[in-house]
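Participant:
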Amino acid sequence: MYICVHACPSADTSDEDSISAAVQAVSKLIGAGGLNLLINNAAINQPASPAPLSATRKNDMMDVYETNVVGPFLIAKMFLPLLQRSAEREKNKGDEMSCSRSAIINISTIISSIEKCPETFPIAQMYSYRTSKAALNMLTRCLAEDFKIHNILVAAIHPGWVRTDMGGEQAPLTTQDSVLGMLSVMSSLSNKDCGMLVDWQGNTIPW
Ligand SMILES: NC(=O)c1ccc[n+]([C@@H]2O[C@H](COP(=O)([O-])OP(=O)(O)OC[C@H]3O[C@@H](n4cnc5c(N)ncnc54)[C@H](OP(=O)(O)O)[C@@H]3O)[C@@H](O)[C@H]2O)c1
């Protein structure tokens, strides 16, 4: 079953008590079937783009790291038993991992890519945001290794530049196009994508 923790109105993804309450609520909803897809979407970007060095304070670095990295870390750790329940029920279907069996998708960004930094840096420096998402990529890779044994797929997806509060009005993509693209990509993920960063069209993004 698919549940969006983000949809729990009071959930604060960087607060352990709040996540614990969400785990209880989701557990009641899904019953014995377990949770097959967990999407870590919540994130912040401060100060606002382009966020050059001079405008970025220590608090920005700390707050953004807490929400964008510690939050997904805690959520993965605390939802693991529910994901395992789903993976366990599907284990007689072979070794192939997929989002319909049990998966964590971390919403990352192309500007997390260290290799692409020379291309993306001049447009938006965004020190706190891009370093936090690079750390989220490493978290994705670590969880992918760790959870292989449970047959849980872990991958990161860049949603494109999307017209949201964060993306702004200049962004070329509507939320609908981005979400439809990501859903299509998610439905095709398998073992080979475990621990990878891909975009909303399925292209692999280099670390
Ligand atoms: N938009 C883009 O162009 C773009 C590009 C690349 C990657 N992304 C990624 O895509 C994801 C979605 O971004 P978006 O564009 O939809 O951003 P957004 O418009 O700023 O929305 C972010 C959402 O995250 C929630 N949130 C923030 N901190 C939270 C916390 N501690 N606990 C619970 N919820 C929290 C916010 O809730 P409140 O409103 O209640 O604060 C808000 O609903 C993010 O991971 C972002 O980094 C976006």
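Residue numbers (numbering that gives the first Met the number 0): 0 to 206. By construction, the Cβ of each residue, glycine as well, lies at the ideal position given by its N, Cα and C atoms. Computed from a predicted structure; not experimentally measured.
With DSSP collapsed to three states, give me the class of A54.
Facilitator: Helix.
Participant: Inspect the beta-carbon positions of N67 and A134 and report whether they are closer than 9 Å.
Facilitator: Yes, Cβ-Cβ distance for N67 and A134 is below 9 Å.
Participant: Have a look at I110, T130, E15 and A47 and flag the residue whose alpha-carbon is nearest the alpha-carbon of P121.
Facilitator: Considering only alpha carbons, the answer is I110.
Participant: What residues match up with A155 in a beta bridge as DSSP calls it?
Facilitator: BP columns for A155 point to N105 and L196.
Participant: With a 10 Å radius around its C-beta and 16 neighbouring C-beta atoms as the bar for buried, classify M0 as buried or exposed.
Facilitator: For M0, the predicted model reports a pLDDT of 45, less than 50, meaning its position is unreliable and no value from the coordinates is stated.
Participant: State whether the stretch 185-197 contacts the stretch 97-115, with contact taken as three or more CB pairs (one from each stretch) at a distance under 8 Å.
Facilitator: The stretch 185-197, when compared against the stretch 97-115, does touch it at the 8 Å Cβ threshold.
Participant: Could you name the residues of the same chain whose beta carbon sits closer than 8 Å to that of L138, not counting the 5 residues immediately before and after it, in chain order?
Facilitator: The residues are V68, P71, F72, A75 and N105.
Participant: When the Cα atoms are used, what is the spatial distance from K27 to L37?
Facilitator: Approximately 16 Å, taken between the alpha carbons.
Participant: With H, G and I counted as helix, E and B as strand and the rest as coil, what does DSSP make of L34?
Facilitator: Looking at L34 - three-state DSSP - the assignment turns out to be coil, as it is neither helix nor strand.
Participant: Can you say whether I113 is buried or exposed, counting buried as having 16 or more other CB atoms within 10 angstroms of its CB?
Facilitator: The residue in question, I113, is exposed, as its Cβ has fewer than 16 Cβ neighbours within 10 Å.
Participant: Could you check if D94 is buried or exposed, using at least 16 other CB atoms within 10 Å of its CB as the buried criterion?
Facilitator: The residue in question, D94, is exposed, as its Cβ has fewer than 16 Cβ neighbours within 10 Å.
Participant: Please identify the residue among K92, T12, D62 and D145 whose C-alpha is closest to the C-alpha of G194.
Facilitator: Among K92, T12, D62 and D145, the Cα nearest to that of G194 belongs to D145.
Participant: Am I right that Y128 and N40 are in contact with their C-beta atoms under 8 Å? What's the rounded C-beta distance?
Facilitator: Rounded, the Cβ-Cβ distance is 15 Å, inconsistent with contact.
Participant: N70 lies in the alpha helix (DSSP H); which residues open and close that run?
Facilitator: The question names Asn, yet the displayed sequence has Gly at residue 70. Taken as a continuous stretch (DSSP letters only), the alpha helix (DSSP H) holding G70 covers G70 to R88.
Participant: Note down the Cα distance separating L82 from L34, rounded to an integer number of angstroms.
Facilitator: Approximately 5 Å, taken between the alpha carbons.
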